[in-house]
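Numbering (this note's numbering), first residue to last: -16 to 45.
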């Protein structure tokens, strides 16, 4: 089974570039632009890793 990544960034250009990069390397990739989107996806799926730019989208995320 391919590893599943959740990418979170409020910059859609960066987000979709990262999605393409990881998908080309065999990862299953989900994307979120907001904390709420990320929380919804985390509730629905198990992820191998969460990758974020560390900026506003996940401020205070636990």
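Positions of the beta carbon are idealized from the N, C-alpha and C atoms, including for glycine.
Given the structure is predicted, the values throughout are model-derived calculations rather than measurements.
To the nearest angstrom, report how far apart residue -4 and residue 12 are at their CA atoms.
15 Å
Taking residue -2 as the reference, which of -14, 21, -15 has the closest Cα?
21
Could I get the ranges of all uninterrupted beta strand (DSSP E) runs contained in the region -4 to 45, with 3 residues as the minimum, in chain order?
11 to 15, 32 to 35
With 16 as the cutoff for other CB atoms within 10 Å, does residue 32 come out buried or exposed?
exposed
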